[in-house]
Amino acid sequence: MTKKKILIARAIFPDILAGLEQQFDVESNQIDEIFSPEVLLEKVRGKDAVMVTSSESISAALIAASPQLKAICNIAVGYNNIALDAATQAGILVTNTPDVLNQTTADFGWALLMAAARRVTESEHWLRAGHWKKWSYDGFLGADLHGSTLGVIGMGRIGQAIARRSMGFDMKVVYHNRSRLTPELEVRANHAQYLSKEDVLRQADHVVLVLPYSAATHHTIAAAELALMKPSAILVNIARGGIVDDVALIEALREQRIAGAGLDVFEGEPAFNPGFLALSNVVLTPHIASASAPTRRAMTYCAAGNLIAALAGQSPPNCLNPQVTSKG
Ligand code: GLV
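Structural data, given as structure tokens:
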């Protein structure tokens, strides 16, 4: 029997690739070249399934040009890189990798919050540059997290994991979400209190963003929202670029209208606004919130399992459009 053809658009763990090569006719990309939209379209054409990351855009045009395609498997929980409606209309299964990254990503939200509040990377740069000649009582004074109020905007599974961690810091949690959590989940999330987005921004000492990106959440935090935050507040974005208006954030950080920020995602990444580089009150990381070794493996296994199920005519475990019947 001829093997089904798949494209793995980016480099993945070699042993997981080897497993897939036993079952499928695989076009891989272990040199991790970034394909232009035109090249990606050519490579997807004729494939039965494609495995992508959040960096690859699977547009409606690409879907229209790929009549043989049966499954699009994202190695990410966020799927704003995929034209889901177009895929559904074309009868193509779309999958993501939820849950396996919740704890690791929540840990990283805290890493950014703590690094920005206690000026970890800023002081390290200063030390490495040879400036440390004496201890001083007011060197790198930061904000306390313990006892403060944490705001979470986007209270899905990762947001809830972040809120649960705040119990150890004796913090209060306020949150905003598309829909309110059940009372049981609010209790588990450190007795989180549901508020409007504006009231979260007003009341929270620090705010973490964990909401999915879509046209509806574009610039959820822009100049007007930043103006509501406390001047002592830290803003953390581990969600997606585009949720924050980066130009407005740079202005607010430059003028110290908020104290600092921790950012793992940027508008237009991997390019980002160079204005951030001139600021010492922002911690910048290159979209690595899920990047622990076990979690990145778990995400890749999860995507591989979804792909195998989809091409076996089964409903994949993490299907985003279950109304589509698998074409195997
Ligand atoms: C990472 O950003 C993801 O969506 O998994």
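Heads up: the sequence shown begins at 24 in our numbering, then just goes up one per residue. Heads up, the beta-carbon is just placed ideally off N, CA and C, and yes, glycines get one too.
- At a threshold of 7 Å, L124 counts as near the ligand GLV, since its beta carbon sits closer than that to one of the ligand's heavy atoms.
- Relative to the Cα of M194, the nearest Cα in the group H169, A301 and L43 belongs to H169.
- Bridge pairing for M74: I31 and C96 [DSSP].
- D167 sits in coil when the DSSP states are folded into three classes, being neither helix nor strand.
- Contact between A284 and V305 holds, with the beta-carbon distance rounding to 5 Å and staying under 8 Å.
- Contact between I185 and G132 holds: CB atoms are separated by about 5 Å, below the 8 Å threshold.
- A contact between stretches requires three or more CB pairs, one per stretch, nearer than 8 Å, and the region 61–70 meets this requirement with the region 25–35.
- Counting of Cβ neighbours within 10 angstroms places K70 among the buried residues, the total reaching 16 or more.
- In this chain, the alpha helix (DSSP H) harbouring K66 covers P60 to V67.
- Positions of the alpha helix (DSSP H) runs, each at least 4 residues long and wholly inside the region 192–252, are given as 206–211, 220–226 and 246–251 in order along the chain.
- When Q337, A246, E79 and I176 are compared, the shortest CA-CA separation from G291 is found for E79.
- A contact between stretches requires three or more CB pairs, one per stretch, nearer than 8 Å, and the region 119–133 meets this requirement with the region 173–183.
- Rounded to the nearest angstrom, the gap between the Cα atoms of A312 and D287 is 7 Å.
- Only exposed fits L164, as fewer than 16 other CB atoms lie within 10 angstroms of its CB.
- A166 places its beta carbon less than 8 Å from that of I257.
- With distances taken between CA atoms, N213 lies nearest to L204 out of K220, E278 and L204.
- Counting along the chain, the unbroken beta strand (DSSP E) around V305 starts and ends at V305 to L307.
- The straight-line gap separating the alpha-carbon atoms of P121 and N341 is approximately 7 Å.
- In the structure shown, A152 falls within a coil segment according to DSSP collapsed to helix, strand and coil.
- Per DSSP, the continuous beta strand (DSSP E) segment holding I176 begins and ends at T172 to I176.
- F47 is positioned such that its CB atom lies no closer than 8 Å to that of R320.
- In chain order, L249 and I281 place their CB closer than 7 Å to the CB of A275, counting only its own chain and leaving out the 5 sequence neighbours on each side.
- At least one heavy atom of the ligand GLV lies closer than 7 Å to the C-beta of A99.
- In this structure, the C-beta of S313 approaches the ligand GLV to less than 7 Å from one of its heavy atoms.
- In the pairwise beta carbon analysis, the region 225–232 is classified as touching the region 258–266: at least three pairs are separated by under 8 Å.
- In the structure shown, the three-state DSSP call for E145 is helix.
- Taking G265 as the centre and dropping the five residues before and after it, the same chain places the C-beta of Y236, H241 and E290 closer than 6 Å to its C-beta, in chain order.
- Proximity of the beta carbon of S77 to the ligand GLV is indicated: a heavy atom of the ligand is located closer than 7 Å.
- Rounded to whole angstroms, V223 and H199 show a C-alpha spacing of 7 Å.
- In the structure shown, V347 adopts coil according to DSSP, grouped into three states.
- Burial of P339 is indicated by the presence of at least 16 other C-beta atoms within 10 angstroms of its C-beta.
- Using a Cβ distance threshold of 8 Å, A72 and L330 count as a contacting pair.
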